[in-house]
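What follows is one structure encoded as structure tokens, with my remarks underneath.
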Amino acid sequence: LLDSTRRMILSNNKLQGTIPNEITNMTDLTTLDLSNNFLSGRLPIFPRKLQNIRLNRNYLEGPIPASIATLDKLFKLRLEANNLTGDVPEVICDHFK
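In terms of my numbering, the sequence shown is residues 40 to 136.
Shown next, in the form of structure tokens:
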């Protein structure tokens, strides 16, 4: 069931914990909105078809992985208001030019 899900919108649900690595197996996922929750931990590897990632306003930590730039169809990436560290990888900046 989850591997055929296209949109996962669970914003503003007071979700806690980490984003499970199994999200990588959701190969048809195009929208992931987990914004405005209490999620922590590092960013996972995302499914390749994602077009819209909204993870803003959580407690996510660590660096932004350069692998996000390999998401060819990605046009929206919202990560603000987290505890992410380091610079935005140059390849991600180039992706959105």
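For glycine and all other residues, C-beta sits at the position ideal for the given N, C-alpha and C. Quick caveat: nothing in here was measured; it's all calculated off a predicted structure.
- Within the same chain, Cβ atoms closer than 8 Å to the Cβ of residue 100 are found at 79, 80, 81, 121, 122, 123, 124, the five residues on either side in sequence being excluded.
- Here residue 79 is bridged, per DSSP, to 57, 98.
- DSSP places residue 69 in the coil class of the three-state scheme, outside both helix and strand.
- DSSP, reduced to helix, strand and coil, places residue 124 within a strand of the structure shown.
- A residue is called buried when at least 16 other Cβ atoms come within 10 angstroms of its Cβ; residue 60 does not meet this threshold and is exposed.
- Residue 43 is classed as exposed because its beta carbon has fewer than 16 other beta carbons within 10 Å across all chains shown.
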